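In the working numbering, the protein residues as written are 5 to 63.
This report concerns only the one structure given below.
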């Protein structure tokens, strides 16, 4: 039982680690486009996003 719950927890962590740069990068991209104000840690998150997805979709 404990092994199964640990595996499920690890699976959730892997999925979040895979999806998080895309979600955060999209959020900051929209924020920058709509507000034109920098958010704290924006540059770091956008750098991670650009490293994870070197060719983002053109909107």
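Where a beta carbon is used, it is the ideal one built from N, C-alpha and C, also for glycine.
Just so you know, these numbers come straight off a predicted model, no measurement behind them.
Any idea if residue i is buried or exposed, counting beta-carbon neighbours within 10 angstroms, 16 or more meaning buried?
i          : result
residue 26 : exposed
Output the distance between the C-alpha atoms of residue i and residue j, rounded to the nearest integer angstrom.
i          : j          : result
residue 30 : residue 36 : 10 Å
residue 32 : residue 10 : 32 Å
residue 52 : residue 20 : 14 Å
residue 54 : residue 28 : 11 Å
residue 5  : residue 15 : 15 Å
residue 48 : residue 8  : 35 Å
residue 22 : residue 34 : 20 Å
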